[in-house]
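Engineer:
Residue numbers (this note's numbering), protein chains in the order written: chain F, 1 to 493; chain B, 494 to 986.
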């Protein structure tokens, strides 16, 4: 009852906030609508999802364990996508008006008509911005669809791994035609150390050869269209050419997958996405509310804000159902959708490197997981922490270490030395037989002891938030010092 | 074995046909790839589809009736969408090259750089074309996703009816900013008859009032940006303004649904789509291979061809599995996907009215169905023709007519007079008690007698093909006479 009144109020306030002259405010209004729609739809759709087999058991709960609906993130994602369709006329409103008011006036004078014609020929409407927007929504929709098909059909890992890169193709093409910036800034300390300059020269030569070959084969040439002037004092640039597109494609593969593997605790998938959203917005607002920010950087971060705010609405509604004790699971659909969203705003917003800074916990989790993912040490089917029925707490789960695996054994010993893993030894031989599974979820339990599931999730989210906010600080303090400039006032990203 | 050799040959030929300088040829190559991929994937995926409940019984087969996979059109659709992603760089290749060769030359002179800068500011790259392309793929993908969710969850009719209109929003916005042509040509005979001119004036006044209200509310103004000059001799135009967008949205709702209701016979959904594809291509080639075709019309029909040819590839592979006796069903997914594709090329290609001419059998089927769809006469759950186990032929299926329904009874009598329906009468009272269900599928059986399922399908497809080709003739012979011009040489659509 209360919930219904709150939802109704949110909806009314949201609808009243919609305005044609303020994309930011309209975006907030759409977030409200997205929240209400998602919150209302999820309980109505759980039965249908369960009926088609989109369901799962929550293994971290005391019996009786019911099956609950899986992939409910699809509801958030589809609501979001429809909202982004609806946002288009509001985002481009001022152009639509200027365009049509010029084109439709019945009493248009001849002189005026000529002027209009020349404006039309010069494409008054920012088609490049529209193409950016459409390519972003398209990539996001493709990824959502892939995620949903994965939930439904359990697509094999080797089949699905590269699919986000295909889904990001429209994005990369828009990047190619609109920006073409493929150079990265080299930190000053590299050029300052002995041999650094020479190393850089060698790397540069290799890149040039690689680009030459690709250009000969494809007929295209990749390289920098610098949108800023390089002066004597300005930072040193390394132009990666076609390799930069490889890097961007990797970002679009890595981000969704990295969120997908930091999962398995109620609320963690949506929670980390919401926290990432907060971090991204905090960074964006640094640009939007600073003075002297170049127009290009301002536009990029406005783009980011417009995409992330409605995402927060549909995600918060999902989080309420997914938080401990979860009533629904979010599915790969949501992880792919959310990961791709951050990849997109990072790529089209020219802050793909900053994006990786914010994803540090995910990156650490991935690197920490590598020995298990690539089979250096055994990887059990599930690496979730273990639920103990007696005290209702979560404990680290353990993998078995074979006698013969000496590489694995040394690795585990090495990690154990630094307290980065917990081990169990054979009572007789004192040999290591088991090790805590290599995820930062287990690591938190190793460090902080057994925790209730919601506390565990909260600790992980707090780490994500702290790291993210710290990285924003690093980005704009140590970053400029390392690289010799900051784009808050410089317009370089 | 033979099939494998053929597929391999098609793949090899297709790959060798891919070229950067000929979008048409590359599109054909992609059709070949699409055919091979779809043909290969479908048998591998049927089990997975059946497992999640995407399955159905073929009621028109002798026992034992097995359940076969439903919604396999999703495989065609998704293959197609990925191909269209891959096509982007080929379609825009010449711009990509000219763009980058200008931007990347290391030895670029100052003078040249200035020139480039001015070109870049004028947006050398055709972002409007890219936005068109992206919006088309986006709308198509949304519709495919909706179709698939419909197959999976059985979305209610009233919920799903308007969703294609939302999916077509990006398309309408691109139409708004790129073309804005909202006027229709008034056939000469209307202005020539007595009172025609006055009627037109009245209609025009009503439209102006409607547009005025919408403009006041929305802040936007809708109207004509004529891309051709209106002269004394030129045809009379009626500017529908915002109502034209309503009409376009209706087209995008009608087309997918009209294909979806002309269904239920093995091969018919895909078959009619393939035939429609042939008709569209025939019409497009009239433009592409005529001399003196204005550039805008040429571009529109090239766009249509590029979208339809790969569609033919993925559809033909599906047709092989769906043809009598069907091994798979295509699902609403395919009907929505295919319908939206034709709506999109019609809308963005400026031939939405010609599109409706080609859809005449579907329109006739819809109008013929109206009494049942809107409950004027009873509508049984299935209106499929009835399979007779004894002779293996299809017979018309019948609906019951209540005693009390006098409106329905008169309607049925009226249709029966013209041989447009078959009836059964009570032996005693001689009152009509049953009538053949109102679909053109049943009507064909009423007219031509019982047919085997594949013959029935072939007859329906032949009608579609004949009507379509006839309409192309009408369009370019009677059309110009009715309207006073033809855009094959005029550039008006």
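We put the CB at the ideal spot given by N, CA and C, even for glycine.
#1: Sorted by chain position, which residues of the same chain lie with C-beta nearer than 7 Å to residue 720 of chain B's C-beta, five sequence neighbours on each side aside?
#2: Whole-angstrom Cβ separation of residue 330 of chain F and residue 269 of chain F, contact assumed at under 8 Å?
#3: CB-CB under 6 Å to residue 879 of chain B, same chain, minus the five flanking residues each way: which ones, in chain order?
#4: Would you kindly work out how many angstroms separate the C-alpha atoms of residue 953 of chain B and residue 962 of chain B, rounded to a whole number?
#5: If you drop the 5 nearest sequence neighbours on each side, which residues of the same chain put their C-beta closer than 6 Å to that of residue 516 of chain B?
#6: Please classify residue 876 of chain B: does DSSP put it in a helix, a strand, or coil?
#7: Over what stretch of residues does the beta strand (DSSP E) that includes residue 398 of chain F continue unbroken?
#8: CA-CA distance, residue 381 of chain F and residue 438 of chain F?
#9: Do the CB positions of residue 586 of chain B and residue 219 of chain F come within less than 9 Å of each other?
#10: Could you work out which residue in B/547, B/567 and B/572 is closest to residue 560 of chain B when comparing CA atoms only?
#11: Drop a sphere of 10 angstroms on the beta-carbon of residue 346 of chain F, count the other beta-carbons inside from all chains shown, and report buried for 16 or more, exposed for fewer.
#12: According to DSSP, is residue 887 of chain B helix, strand or coil?
#13: Excluding five sequence neighbours on each side, which residues of the same chain lie with their C-beta closer than 8 Å to the C-beta of residue 503 of chain B?
#14: Using the beta-carbon count (16 or more within 10 Å), is residue 814 of chain B buried or exposed?
#15: Tell me the rounded alpha-carbon separation between residue 239 of chain F and residue 278 of chain F.
#16: Measuring CA to CA, which of B/739, B/883, B/957 and B/909 is closest to residue 857 of chain B?
#17: Quick one: Cα of residue 501 of chain B to Cα of residue 165 of chain F, how far?
#18: Figure out for me which residue from B/928, B/876 and B/914 has the closest Cα to the Cα of residue 552 of chain B.
#19: Give the DSSP-derived three-state secondary structure of residue 474 of chain B in the structure shown.
#20: Pull up the distance between the alpha-carbon of residue 343 of chain F and that of residue 256 of chain F, whole angstroms please.
#21: When the Cα atoms are used, what is the spatial distance from residue 936 of chain B to residue 311 of chain F?
#22: Where does the unbroken beta strand (DSSP E) through residue 676 of chain B begin, and where does it stop?
#23: Whose Cβ in chain F lies nearer than 8 Å to the Cβ of residue 581 of chain B?
#24: Could you pull out every residue in the same chain whose Cβ sits closer than 6 Å to the Cβ of residue 415 of chain F, ignoring the five residues on either side in sequence?
#25: If we define contact as Cβ-Cβ less than 9 Å, is residue 27 of chain F a contact residue for chain B?
#26: Using a Cβ cut-off of 9 Å (strictly closer), state whether residue 586 of chain B contacts chain F.
#27: My output table needs one value for residue 956 of chain B: the three-state DSSP class, helix, strand or coil.
#28: For a test of the three-state rule: what should DSSP assign to residue 526 of chain F, helix, strand or coil?
#29: Report the neighbours of residue 756 of chain B on chain F: residues whose CB is nearer than 7 Å to its CB, in chain order.
#30: Less than 8 Å between the CB of residue 499 of chain B and some heavy atom of the ligand GTP, yes or no?
#31: Taking any Cβ of chain F, which residues in the stretch 692-712 of chain B have a Cβ under 7 Å from it, in chain order?
#32: Would residue 811 of chain B pass as a contact of residue 153 of chain F if the rule is Cβ separation under 9 Å?
#33: Assuming residue 4 of chain F is part of the alpha helix (DSSP H), what are its boundary residues?
#34: Run through the DSSP bridge pairs and tell me what residue 549 of chain B is partnered with.
#35: Does the Cβ-Cβ distance between residue 252 of chain F and residue 340 of chain F come in under 9 Å?
#36: For residue 429 of chain F, is the classification buried or exposed, using 16 other Cβ atoms within 10 angstroms of its Cβ as the cut-off for buried?
Structural biologist: In short, the structure shows the following:
#1: Position 227 of the second chain, counted from the first residue, corresponds to residue 720 of chain B. Its pLDDT being 37, under 50, residue 720 of chain B is placed unreliably by the model, and nothing is read from it.
#2: Position 330 of the first chain, counting from 1, holds the residue named residue 330 of chain F. Position 269 of the first chain, counting from 1, holds the residue named residue 269 of chain F. Contact annotation, residue 330 of chain F with residue 269 of chain F: C-beta distance approximately 5 Å; criterion of less than 8 Å satisfied.
#3: For the purposes of this step, residue 879 of chain B is taken as residue 386 along the second chain, with counting starting at 1. Closer than 6 Å at the Cβ level, and outside the excluded window around residue 879 of chain B, lie 888 and 890.
#4: Mapped onto the second chain, residue 953 of chain B falls at position 460. Mapped onto the second chain, residue 962 of chain B falls at position 469. Looking at the two C-alpha atoms, the distance is approximately 14 Å.
#5: As a working mapping, residue 516 of chain B is identified with position 23 in the second chain. Only 584 and 799 meet the Cβ criterion.
#6: Position 383 of the second chain, counted from the start, is the residue given in the question as residue 876 of chain B. Correct three-state label for residue 876 of chain B: coil.
#7: Counting from 1 along the first chain, the entry for residue 398 of chain F is found at position 398. Per DSSP, the continuous beta strand (DSSP E) segment holding residue 398 of chain F begins and ends at 398-400.
#8: The residue given as residue 381 of chain F occupies position 381 in the first chain. The residue given as residue 438 of chain F occupies position 438 in the first chain. Using only the alpha carbons, I get a separation of about 13 Å.
#9: Here the question's residue 586 of chain B lines up with position 93 in the second chain. Here the question's residue 219 of chain F lines up with position 219 in the first chain. Result yes, Cβ atoms of residue 586 of chain B and residue 219 of chain F sit closer than 9 Å.
#10: In the second chain, residue 560 of chain B corresponds to position 67, counting from 1. Minimum Cα distance to residue 560 of chain B is reached at B/547.
#11: Residue 346 of chain F sits at position 346 when you count from the first residue of the first chain. By the C-beta density criterion, residue 346 of chain F is buried, having at least 16 other C-beta atoms within 10 angstroms.
#12: As a first step, residue 887 of chain B is located in the second chain; it is residue number 394 there, counting from the start. Reduced to three states, the DSSP call for residue 887 of chain B is strand.
#13: For the purposes of this step, residue 503 of chain B is identified with residue 10 of the second chain, where counting begins at 1. Result list for residue 503 of chain B: 525, 528 and 529, in chain order.
#14: Within the second chain, residue 814 of chain B is the residue found at index 321, counting from 1. Around the beta carbon of residue 814 of chain B, 16 or more other beta carbons sit within 10 angstroms, so the residue counts as buried.
#15: If you number the first chain from 1, residue 239 of chain F lands on position 239. If you number the first chain from 1, residue 278 of chain F lands on position 278. Going by the C-alpha atoms only, they are around 32 Å apart.
#16: As a position in the second chain, residue 857 of chain B is number 364, starting the count at 1. Ranking the options by Cα distance to residue 857 of chain B, first place goes to B/957.
#17: Walking along the second chain from the start, residue 501 of chain B turns up at place 8. Walking along the first chain from the start, residue 165 of chain F turns up at place 165. For the pair residue 501 of chain B and residue 165 of chain F, the Cα-to-Cα distance works out to about 26 Å.
#18: To locate residue 552 of chain B, count along the second chain from 1; it is residue 59. Minimum Cα-Cα distance from residue 552 of chain B among the listed residues B/928, B/876 and B/914 corresponds to B/876.
#19: Residue 474 of chain B is absent from the model: chain B starts at 494 and stops at 986.
#20: In the first chain, the residue the question calls residue 343 of chain F occupies position 343. In the first chain, the residue the question calls residue 256 of chain F occupies position 256. Their backbone Cα atoms lie some 8 Å apart in a straight line.
#21: Taking the first residue of the second chain as 1, we reach residue 936 of chain B at position 443. Taking the first residue of the first chain as 1, we reach residue 311 of chain F at position 311. Going from the Cα of residue 936 of chain B to the Cα of residue 311 of chain F covers about 51 Å.
#22: In the second chain, the residue the question calls residue 676 of chain B occupies position 183. Residues 676-678.
#23: Counting from 1 along the second chain, the entry for residue 581 of chain B is found at position 88. Per Cβ cutoff of 8 Å: 169, 170 and 173.
#24: One-based indexing of the first chain puts residue 415 of chain F at position 415. Cβ within range, chain order: 421.
#25: Working through the first chain from its first residue, we reach residue 27 of chain F at position 27. Interface flag for residue 27 of chain F against chain B is unset, since no Cβ pair is found closer than 9 Å.
#26: Looking up residue 586 of chain B in the second chain gives position 93. The C-beta of residue 586 of chain B comes closer than 9 Å to at least one C-beta of chain F.
#27: Locating residue 956 of chain B in the second chain gives position 463, where the first residue counts as 1. In this structure, residue 956 of chain B counts as helix in the three-state DSSP scheme.
#28: No statement about residue 526 of chain F is possible, as the shown extent of chain F runs from 1 to 493 and does not include it.
#29: Counting from 1 along the second chain, the entry for residue 756 of chain B is found at position 263. The contact set of residue 756 of chain B on chain F, defined by CB atoms closer than 7 Å, is empty, because the minimum CB distance reaches about 22 Å.
#30: Absent from the structure shown: the ligand GTP. Ligands present: none.
#31: Near chain F, meaning a CB-to-CB distance below 7 Å, the residues of the stretch 692-712 of chain B are 712.
#32: Mapped onto the second chain, residue 811 of chain B falls at position 318. Mapped onto the first chain, residue 153 of chain F falls at position 153. Using a Cβ distance threshold of 9 Å, residue 811 of chain B and residue 153 of chain F do not count as a contacting pair.
#33: What you label residue 4 of chain F is simply residue 4 of the first chain in a count that begins at 1. From DSSP, the alpha helix (DSSP H) with residue 4 of chain F extends over 2-17.
#34: Taking the second chain and counting its residues from 1, one reaches residue 549 of chain B at position 56. Looking at the DSSP output, residue 549 of chain B bridges to B/561.
#35: Residue 252 of chain F sits at position 252 when you count from the first residue of the first chain. Residue 340 of chain F sits at position 340 when you count from the first residue of the first chain. Yes, the pair counts as a contact, with Cβ atoms nearer than the cut-off.
#36: Within the first chain, the letter at position 429 stands for residue 429 of chain F. Flag for residue 429 of chain F reads exposed.
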